[in-house]
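Chemist: Protein chains in written order, with our numbering: chain H, 1 to 456; chain L, 457 to 622. For glycine and all other residues, C-beta sits at the position ideal for the given N, C-alpha and C. Predicted, not measured: the structure shown is a model, and the values here were computed from it.
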């Protein structure tokens, strides 16, 4: 059983405030022969420097950078060890120090966390967080095998060689424990893929029905193909600063709060423990939660996500996430991981996760919409870029720039697409103040929870 | 007559071009063999070939964890004491905790698809190990019995499986 000692629960505290001021991204594709990896990163980097209305010339902004954090999930995919050295050189940032970050699916969020720590500590005034993945050098089944080596190679990898088979048991257990219909999961896929229709960067937009999702081919029962993200190629980046520099660069910076949590790589090894309660939860509220013989976190929940939220909410002074957050970008690599996370981060109490979808809260126009970017299911999961892309989307939403970055026909054209005639803006209201994003690895082995707070 | 100068020869395979539009894309084939040790967990894999399911336990009486570990660990994560081995008594009976039917598997899969992957609760264990059902259709709380591939073992975790009790 995991029991916390005093030091384990210290709330992280920046030595000085950290801000996010700009973001950039490429479009995402399953197969991207048009560009080499470093060329894609350059395209995202240029968008970040040139298109975010910063108050300095792009090369002047570049001249302020003094630390770089680079996220990439798997050297297998890039087939290039020390890929960060190659990218760093290509961006023309020598001899600034750079560090490569690897935290599975949470690589993007962890990269932002690393850059934020550089700012908070005073090592840097301006830090670049960039991530990428090139998953098109091998066929899909081989890509799935590569990813499955991020399960325990001795005791899990050979039992599936695909990550959907490690999430699918959770989906079955979750449905059994909390009486959840697969229609709820299908609605998540329908929602996120629909929102991807508004994004020029999206890889898998689609106007699907629940019936289509449930009729799509099975990957691992009960997860269908339309409930799973796809192999992606692309890159994203964000720029982090100290307070003084942030306001020199923009009148619309967002303050950053971000923490992480972990749990065993093997779900098998997750011993039952007491639930760490979020600020708005009370002792005893989960007493009757589980059926006899169940355990927490079991296969239904993620300690890593709960622990990251536990820390970040206290760091940012969030009491009730559903009331205080205006947007969330969650790690919907699979419909089930999205659904499970609602309880972990307190959008609903455990056991009532499905209400977040069924109530309409999760939809555009709802109380706290999720994955308006299209998420991983609809838009992208170029793994190392994902948590960075999500933070850029949160920034643009809070800055009221959704239309600028998603509605401009030139951006659609840039990625070989035509802006749809029925394009719909998914801009959240002007009064919105805070957005959250979750970056998630393994079957919940690493999770970061970040919050952006409008600071103007 | 001047001796011919020795030249460096190309001894590789000519790289195949897969496409030239919109950009040139080449193939870079390779085959690899990794040499991997089972380390201090070697007795577990040896045990499977002998029809034994071996778990480990922490012998430190002061340690808060007194249950068995399967997958085994060589060291206790709580107090760092070197673990000891215990062979579970046959027949090993467990209950299905979670399951999936693997339909689409990654490259190199060694089990014929579709098959049922199951996570099994075993009395006395701190853990819920993952394995597969040899035949039948699982459901949560279904009773299952461990079996072993002692004839033609694979030398991997696939050397044990479960069969329905009913």
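Taking only beta-carbon positions, decide if residue 107(H) is within less than 7 Å of chain L.
Modeler: For this step, residue 107(H) is matched to residue 107 along the first chain. Not closer than 7 Å to any Cβ of chain L, the Cβ of residue 107(H) fails to qualify, so no.
Chemist: Just to make sure I have the definition right: I need the residues of chain L whose C-beta is within less than 9 Å of the C-beta of residue 142(H). Which are they?
Modeler: Translated into positions along the first chain, residue 142(H) becomes position 142. Ordered by position in chain L, the residues that pass the 9 Å Cβ test against residue 142(H) are 562, 563 and 564.
Chemist: Apart from the five residues on each side of it in sequence, which residues of its chain come closer than 7 Å, Cβ to Cβ, to residue 164(H)?
Modeler: Position 164 of the first chain, counted from the first residue, corresponds to residue 164(H). Contacts found: 219, 220, 223, 228 and 334.
Chemist: Determine, for residue 4(H), whether the minimum Cβ-Cβ distance to residues of chain L falls below 7 Å.
Modeler: As a first step, residue 4(H) must be located in the first chain, where it is residue number 4. No, no contact with chain L.
Chemist: Would the region 46 to 54 of chain H count as touching the region 75 to 92 of chain H if we require 3 or more Cβ pairs under 8 Å?
Modeler: No, the region 46 to 54 of chain H does not touch the region 75 to 92 of chain H.
Chemist: Use the C-beta contact count for residue 473(L): other C-beta atoms within 10 angstroms, 16 or more gives buried, fewer gives exposed.
Modeler: Taking the first residue of the second chain as 1, we reach residue 473(L) at position 17. The residue is exposed, with fewer than 16 neighbouring Cβ atoms inside 10 Å.
Chemist: On the DSSP bridge list, what partners appear for residue 551(L)?
Modeler: Stepping through the second chain from its first residue, residue 551(L) is reached at position 95. Partner(s): 577(L) and 599(L).
Chemist: Since residue 262(H) and residue 446(H) are thought to touch, with beta carbons under 8 Å apart, how far apart are those beta carbons, to the nearest angstrom?
Modeler: Mapped onto the first chain, residue 262(H) falls at position 262. Mapped onto the first chain, residue 446(H) falls at position 446. Contact holds; Cβ gap of about 5 Å.
Chemist: Quick check on this structure: which residue in 530(L), 524(L) and 587(L) has the alpha carbon closest to the alpha carbon of residue 551(L)?
Modeler: As a first step, residue 551(L) must be located in the second chain, where it is residue number 95. Considering only alpha carbons, the answer is 587(L).
Chemist: Per DSSP, which one or two residues make a beta bridge with residue 98(H)?
Modeler: As a first step, residue 98(H) is located in the first chain; it is residue number 98 there, counting from the start. Note: residue 98(H) sits in a beta bridge opposite 68(H).
Chemist: Please tell me whether residue 372(H) and residue 438(H) are closer than 7 Å, where the distance is taken between their beta carbons.
Modeler: Within the first chain, the letter at position 372 stands for residue 372(H). Within the first chain, the letter at position 438 stands for residue 438(H). Cβ atoms of residue 372(H) and residue 438(H): not closer than 7 Å.
Chemist: Going by beta carbon distance, what residues of the same chain come within less than 7 Å of residue 103(H), once the five residues before and after it are set aside?
Modeler: Locating residue 103(H) in the first chain gives position 103, where the first residue counts as 1. Within the same chain, residue 103(H) has close Cβ partners 110, 441 and 446.
Chemist: Express the C-alpha separation of residue 88(H) and residue 70(H) in angstroms, rounding to a whole number.
Modeler: Looking up residue 70(H) in the first chain gives position 70. Looking up residue 88(H) in the first chain gives position 88. One C-alpha to the other measures close to 9 Å.
Chemist: Which residues, in chain order, does the region 176 to 201 of chain H contribute to contact with chain L at a C-beta distance below 8 Å?
Modeler: Result list: 176.
Chemist: Can you confirm whether residue 420(H), when its beta carbon is compared against all beta carbons of chain L, has any partner nearer than 7 Å?
Modeler: Translated into positions along the first chain, residue 420(H) becomes position 420. No, no contact with chain L.
Chemist: If you check the beta carbons only, do residue 370(H) and residue 112(H) fall under 7 Å apart?
Modeler: As a working mapping, residue 370(H) is identified with position 370 in the first chain. As a working mapping, residue 112(H) is identified with position 112 in the first chain. No, they are not a contact pair.
Chemist: Name, going along the chain, the residues of the region 22 to 47 of chain H whose beta-carbon falls closer than 8 Å to a beta-carbon of chain L.
Modeler: So the list reads 33, 34 and 35, given in the order they occur along the chain.
Chemist: Between the region 591 to 620 of chain L and chain H, which residues of the former have CB atoms less than 7 Å from a CB of the latter, in chain order?
Modeler: Correct list: 596, 612, 613 and 614.
Chemist: With a threshold of 7 Å between beta-carbons, can residue 155(H) be considered close to chain L, or not?
Modeler: As a first step, residue 155(H) must be located in the first chain, where it is residue number 155. Output row for residue 155(H): interface = yes.
Chemist: Do the CB positions of residue 500(L) and residue 510(L) come within less than 7 Å of each other?
Modeler: Looking up residue 500(L) in the second chain gives position 44. Looking up residue 510(L) in the second chain gives position 54. In this structure, residue 510(L) lies closer than 7 Å to residue 500(L) by Cβ.
Chemist: Taking 7 Å as the threshold (beta carbon to beta carbon), is residue 160(H) in contact with chain L?
Modeler: On the first chain, position 160 is the one that residue 160(H) refers to. Interface residue, yes.
Chemist: Could you check the C-alpha separation between residue 239(H) and residue 345(H) for me, to the nearest Å?
Modeler: If you number the first chain from 1, residue 239(H) lands on position 239. If you number the first chain from 1, residue 345(H) lands on position 345. In a straight line, the C-alpha of residue 239(H) is about 26 Å away from that of residue 345(H).
Chemist: Let me know if residue 231(H) comes out buried or exposed under the rule of 16 or more other beta-carbons within 10 Å of its beta-carbon.
Modeler: Taking the first residue of the first chain as position 1, residue 231(H) is located at position 231. Residue 231(H) is buried by the Cβ-count criterion.
Chemist: Run through chain H and tell me which residues come within less than 9 Å of residue 575(L), C-beta to C-beta.
Modeler: Residue mapping note: residue 575(L) aligns to position 119 of the second chain, counting from 1. The answer, in chain order, is 169, 173, 267, 268 and 299.
Chemist: Any C-beta of chain H sitting closer than 7 Å to the C-beta of residue 548(L)?
Modeler: Here residue 548(L) is taken as the residue at index 92 of the second chain, counted from 1. It does not: the Cβ of residue 548(L) has no partner Cβ on chain H nearer than 7 Å.
Chemist: Interface residues of chain L around residue 218(H) at Cβ under 9 Å?
Modeler: Counting from one through the first chain, the residue named residue 218(H) turns up at place 218. Those within 9 Å of residue 218(H) in chain L are 557, 559, 560 and 570.
Chemist: Looking at residue 580(L): is its Cβ nearer than 7 Å to the Cβ of residue 614(L)?
Modeler: Counting from 1 along the second chain, the entry for residue 580(L) is found at position 124. Counting from 1 along the second chain, the entry for residue 614(L) is found at position 158. No; because the gap between Cβ atoms is not below 7 Å, this pair is not in contact.
Chemist: Please state the DSSP three-state secondary structure of residue 210(H).
Modeler: For the purposes of this step, residue 210(H) is taken as the residue at position 210 of the first chain. Residue 210(H): helix per DSSP, three-state reduction.
Chemist: Give a single yes or no on whether residue 59(H) has its beta carbon closer than 6 Å to a heavy atom of the ligand ZN.
Modeler: Absence of the ligand ZN from the depicted structure is noted, as is the absence of any ligand whatsoever, leaving it without description.
Chemist: In the DSSP assignment, find the beta strand (DSSP E) that holds residue 176(H) and state where it starts and stops.
Modeler: The residue given as residue 176(H) occupies position 176 in the first chain. Where residue 176(H) is concerned, there is no enclosing beta strand (DSSP E), although the alpha helix (DSSP H) it sits in stretches over 164 to 178.
Chemist: Please state the DSSP three-state secondary structure of residue 257(H).
Modeler: In the first chain, residue 257(H) corresponds to position 257, counting from 1. DSSP places residue 257(H) in strand when its eight states are reduced to three.
Chemist: Within 10 angstroms of the Cβ of residue 147(H), are there 16 or more other Cβ atoms? Answer buried if so, exposed if not.
Modeler: Walking along the first chain from the start, residue 147(H) turns up at place 147. Burial call: buried.
Chemist: Check whether the region 295 to 308 of chain H and the region 264 to 276 of chain H touch, using three or more Cβ-Cβ pairs below 8 Å as the test.
Modeler: Result yes; three or more Cβ-Cβ pairs closer than 8 Å.
Chemist: Taking only beta-carbon positions, decide if residue 585(L) is within less than 7 Å of chain H.
Modeler: Residue numbering aside, residue 585(L) sits at position 129 when the second chain is read from its first letter. Yes, because at least one Cβ of chain H sits closer than 7 Å to the Cβ of residue 585(L).
Chemist: Could you check which residue in 381(H), 444(H), 424(H) and 387(H) has the C-alpha nearest to that of residue 457(H)?
Modeler: With chain H running from 1 to 456 in the structure shown, residue 457(H) is simply not present.
Chemist: What residues from chain L crowd round residue 148(H), counting only those whose CB sits closer than 7 Å?
Modeler: Against the first chain, residue 148(H) aligns to sequence position 148. What residue 148(H) touches in chain L: 562.
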